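Following: one structure in structure tokens, then a few remarks.
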Amino acid sequence: MDNSLSSVHTLIQIQCGDHKGLLYDIMRTVKDCNIQISYGRFYASQNGRCEIDLFAVQSDGKKILDQHRQRALCCHLRMEVLRPLRVALVNRGPDTELLVANPVKVSGKGRPLVFYDITLALKNLQKRIFLAEIGRHVVEDREWEVYRLHFGEEHELSSALRSRIMDAVTNMLMGWDS
Numbered sequence: 001m002d003n004s005l006s007s008v009h010t011l012i013q014i015q016c017g018d019h020k021g022l023l024y025d026i027m028r029t030v031k032d033c034n035i036q037i038s039y040g041r042f043y044a045s046q047n048g049r050c051e052i053d054l055f056a057v058q059s060d061g062k063k064i065l066d067q068h069r070q071r072a073l074c075c076h077l078r079m080e081v082l083r084p085l086r087v088a089l090v091n092r093g094p095d096t097e098l099l100v101a102n103p104v105k106v107s108g109k110g111r112p113l114v115f116y117d118i119t120l121a122l123k124n125l126q127k128r129i130f131l132a133e134i135g136r137h138v139v140e141d142r143e144w145e146v147y148r149l150h151f152g153e154e155h156e157l158s159s160a161l162r163s164r165i166m167d168a169v170t171n172m173l174m175g176w177d178s
């Protein structure tokens, strides 16, 4: 963050890897922190890296000068840019269950197309779903949308197949080539 380049705005510079929904994740986080974006610049290079410059103000129209607020915003942005979704494959008794969690915006909306991407990745692996549930849970004052997909009482999945499932779902959700 830099407050010296503009007399009116705080410059927020982000350099990260590209993924599906990157701007959505950034804008959701900024909005949840009551920060307004006046204008910005987005550059995506051929090697999958992104550079984003956002000129922002607080909801009162002033620069972000409070060090505590700057650190909190940076921490939230870092977490959302590096790891916007959580994916886990767990055993629940005789069933194997895929869990995918993503944070919900303050407005109550979840990330779009998550269920579609999960089921498409599993279809590509020819993995059948026995039961699917979508729920919301609050963890540490943060609401999460959790997708639970049960594979049923199949033979126990090998570690190689478990890795393929996790990688395929993560890659589909993030928009990365597998």
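Per full-length UniProt numbering: the sequence shown = residues 1 to 178. Ideal Cβ positions, reconstructed from N, Cα and C, are used throughout, including at glycine. As the structure is a computational prediction, the values presented were derived from the model and not from experiment.
{"Asked": "What is the C-beta distance between N34 and S59, in whole angstroms, given that I count them as a contact (C-beta under 8 Å)?", "Found": "4 Å"}
{"Asked": "Apart from the five residues just before and just after D95, which ones in its own chain have a Cβ nearer than 8 Å to its Cβ?", "Found": "F130, H150, F151, G152 and E153"}
{"Asked": "S45 by DSSP, collapsed to three states: which one?", "Found": "coil"}
{"Asked": "So, with DSSP's three-state summary, where would you put I129?", "Found": "coil"}
{"Asked": "For I134, count the other beta carbons within 10 Å of its own beta carbon; 16 or more makes it buried, fewer makes it exposed. Which is it?", "Found": "exposed"}
{"Asked": "If you run the structure through DSSP and keep just helix, strand and coil, what is V87?", "Found": "strand"}
{"Asked": "With L99 and R148 assumed to form a contact (beta carbons below 8 Å), what rounded beta-carbon distance in angstroms separates them?", "Found": "6 Å"}
{"Asked": "With H, G and I counted as helix, E and B as strand and the rest as coil, what does DSSP make of Q111?", "Found": "The question names Gln, but residue 111 is Arg in the sequence shown. Here R111 sits in coil by DSSP."}
{"Asked": "For R142, is the classification buried or exposed, using 16 other Cβ atoms within 10 angstroms of its Cβ as the cut-off for buried?", "Found": "exposed"}
{"Asked": "How would you write the range of the alpha helix (DSSP H) that E80 sits in, first residue to last?", "Found": "Q67 to L82"}
{"Asked": "Give the range of the alpha helix (DSSP H) segment to which L23 is assigned.", "Found": "L22 to D32"}
{"Asked": "May I ask you to report which of helix, strand or coil DSSP gives I64?", "Found": "coil"}
{"Asked": "Using the DSSP secondary-structure output, state which residues sit across from D95 in a beta bridge.", "Found": "R92"}
{"Asked": "Helix, strand or coil for V169, going by three-state DSSP, please let me know.", "Found": "helix"}
{"Asked": "Given a threshold of 16 other Cβ atoms within 10 Å of its Cβ, counted over all protein chains shown, does L122 qualify as buried or as exposed?", "Found": "buried"}
{"Asked": "Might you give, ordered along the chain, the residues of its own chain that have their beta carbon closer than 6 Å to the beta carbon of D18, omitting 5 neighbours on each side?", "Found": "A44, G48 and C50"}
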